[in-house]
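Novice:
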Amino acid sequence: MISLLLSFSWSFLIALFAVPSIIYVAHLKNILDQPNLRTVHESLTPRLGGLAVFAGFMSALTIFGDLSNGVQQLLAGCVILFFIGLKDDLVTISPFKKFAVQLLASGIVMVMADIRITSFQGIFGIDVLPIGVSFAFTFIMIVGITNAINLIDGLDGLAGTIVLIITSTFAWFFFMYNSNYSFVAVCLIGGILGFLRYNFHKATIFMGDTGSLLCGFIISVLAIQFIEMRVVNSSPAITLGILFVPLFDTVRVFIIRISKGISPFSPDKNHIHHRLLAIGFSQINTVLILAFINIAVIGYVVLLDELGNLYLLSSLILFSVLLSFVLGVYKTKSPARISA
Numbered sequence: 154m155i156s157l158l159l160s161f162s163w164s165f166l167i168a169l170f171a172v173p174s175i176i177y178v179a180h181l182k183n184i185l186d187q188p189n190l191r192t193v194h195e196s197l198t199p200r201l202g203g204l205a206v207f208a209g210f211m212s213a214l215t216i217f218g219d220l221s222n223g224v225q226q227l228l229a230g231c232v233i234l235f236f237i238g239l240k241d242d243l244v245t246i247s248p249f250k251k252f253a254v255q256l257l258a259s260g261i262v263m264v265m266a267d268i269r270i271t272s273f274q275g276i277f278g279i280d281v282l283p284i285g286v287s288f289a290f291t292f293i294m295i296v297g298i299t300n301a302i303n304l305i306d307g308l309d310g311l312a313g314t315i316v317l318i319i320t321s322t323f324a325w326f327f328f329m330y331n332s333n334y335s336f337v338a339v340c341l342i343g344g345i346l347g348f349l350r351y352n353f354h355k356a357t358i359f360m361g362d363t364g365s366l367l368c369g370f371i372i373s374v375l376a377i378q379f380i381e382m383r384v385v386n387s388s389p390a391i392t393l394g395i396l397f398v399p400l401f402d403t404v405r406v407f408i409i410r411i412s413k414g415i416s417p418f419s420p421d422k423n424h425i426h427h428r429l430l431a432i433g434f435s436q437i438n439t440v441l442i443l444a445f446i447n448i449a450v451i452g453y454v455v456l457l458d459e460l461g462n463l464y465l466l467s468s469l470i471l472f473s474v475l476l477s478f479v480l481g482v483y484k485t486k487s488p489a490r491i492s493a
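Just so we're on the same page, my numbering is the position in the sequence shown counted from 1, plus 153.
1) Would you call the stretch 244-252 and the stretch 283-290 touching, i.e. three or more CB-CB distances under 8 Å?
2) Grab the span of the alpha helix (DSSP H) containing V232 for me, first residue to last.
3) Please classify D186: does DSSP put it in a helix, a strand, or coil?
4) Could you name the residues of the same chain whose beta carbon sits closer than 6 Å to that of T403, not counting the 5 residues immediately before and after it, in chain order?
5) Could you give the distance in angstroms between the alpha-carbon of F418 and the alpha-carbon of M154?
6) Helix, strand or coil: how does DSSP classify V406 here?
7) Within the chosen definition, does the stretch 312-320 reach the stretch 341-359 through at least 3 CB pairs nearer than 8 Å?
8) Is it buried or exposed, A449, if we count other Cβ atoms within 10 angstroms and call 16 or more buried?
9) State buried or exposed for R383, treating a residue as buried only when at least 16 other CB atoms are found within 10 Å of its CB.
10) If you compare alpha carbons, which of S321, G414, G481, S412 is closest to C368?
11) With a threshold of 8 Å on Cβ separation, who are the neighbours of F207 within its own chain once the five nearest residues in sequence on each side are excluded?
12) From this set, A324, H180, D280, N386, which residue's C-alpha is nearest S160's C-alpha?
13) In angstroms with no decimal places, state the Cα-to-Cα distance between M265 and S259.
14) With H, G and I counted as helix, E and B as strand and the rest as coil, what does DSSP make of S416?
15) In the DSSP assignment, what residue or residues form a beta bridge with I322?
16) Considering only C-alpha positions, which residue in the set L475, Y464, D242 is nearest to N386?
17) Can you look up S435 in the DSSP assignment and give me helix, strand or coil?
18) When you compare the CB positions of V454 and I391, do they come within less than 9 Å of one another, or not?
19) For F370, which of E381, K355, S412, I319 has the nearest alpha-carbon?
20) Considering only their Cβ atoms, is the gap separating I358 from I176 smaller than 9 Å?
21) With G223 and F336 assumed to form a contact (beta carbons below 8 Å), what rounded beta-carbon distance in angstroms separates them?
22) Have a look at F407, H424, N423, K422 and flag the residue whose alpha-carbon is nearest the alpha-carbon of S498.
23) Measure the alpha-carbon distance for L257 versus V178 and round it to whole angstroms.
24) Can you list, in chain order, the residues of its chain with a C-beta nearer than 7 Å to that of L480? Leave out the 5 residues immediately preceding and following it.
25) So the candidates are Q274, M263, I279, D309; which of them puts its Cα closest to the Cα of I293?
26) Beta carbon of Y351, beta carbon of G238: below 9 Å?
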């Protein structure tokens, strides 16, 4: 417990005190995100907040954490994603290059640490996965979650708040079942909290790809480890519930884009936070609403875990359809600028 508290405190303080220096240098060197028709913010704002999260997370985990059980390989993947995210924040790079780096980072944790989904635990009658399917599904899961966190980063404080909720839930489970991944989760929580001090509306700094790719990758590994621990009933369905808001948003937007015959990666104003803004909610209220939805879904799947994966998955799909219907029914009340 003392080591976890030290890990959290170190990560939080490093991030908290690093952000002002990053903001100062970003303004000094004019490394700023400029407003345009696709963005919500209206002033020049640094987007290198991920630097502070990375500094807090990495330093705390390497000093206080247990690096066994694949954590060392996780850190290697984080370093790779950090640099590609940093480059993208400074000089925009192609989606192909980002995908290639995500493939490399995923390969490190899958091959070198053997972190992967090995079973569907009876969902649709599927138990143990063939090794090829296991690697393929794990890669899709890592890339999918990583980019889902990246896509939800569209409002002041939104991505950080959702990451905080998700990571705190995993931290509780890992702590209860004595996993060293509780250190990973706690160090990320500290870094995110230190960053959020400056990221709520009106934000003086954004997370950027540096932070969102890093957070998404860490969360994907936490999700895999949680499922593979098999210490709670219906762990695959519970994981989907924990990740509900970013996964729902990503799947919904991709379906809408594909149905319109455009690339699923084309930016538009159909993200869940864009729809809530268009309905008339403020940025702060939109973040609070999405945080409440995610917490409520987590409470639902955790409390009803004994009902089984199939029941929980079916109810999550039904809720997703109803939520999509509600978001589509309400008409735009006020113009809202958007970000992908």
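Ideal Cβ placement from N, Cα and C applies to all residues, glycine included.
Specialist: In terms of the structure at hand:
1) Cβ pair count under 8 Å is below three, so no.
2) 224-243
3) strand
4) A301, L304
5) Taking the straight line joining both Cα atoms gives about 43 Å.
6) helix
7) yes
8) exposed
9) exposed
10) Of the candidates S321, G414, G481, S412, the one whose C-alpha sits nearest the C-alpha of C368 is S321.
11) Contacts found: C231, F235, G344, T363, G364, L367.
12) Relative to S160, the option among A324, H180, D280, N386 whose CA is nearest is A324.
13) 10 Å
14) In the three-state scheme derived from DSSP, where H, G and I count as helix and E and B as strand, S416 is classed as coil.
15) Per the sequence shown, residue 322 should be read as Thr rather than Ile. T322 is not bridged to any residue.
16) Y464
17) coil
18) Going by C-beta atoms, V454 is nearer than 9 Å to I391.
19) I319
20) Yes, Cβ-Cβ distance for I176 and I358 is below 9 Å.
21) Incorrect: roughly 12 Å between the Cβ atoms, too far for contact.
22) As shown, the chain starts at 154 and ends at 493. That puts residue 498 outside it, with no answer to give.
23) Just so you know, the alpha carbons of L257 and V178 end up roughly 31 Å apart.
24) Shown here for L480: same chain residues with a beta carbon closer than 7 Å to its own, the five before and five after excluded, namely I425, R428 in chain order.
25) For I293, the nearest C-alpha among the options comes from M263.
26) no
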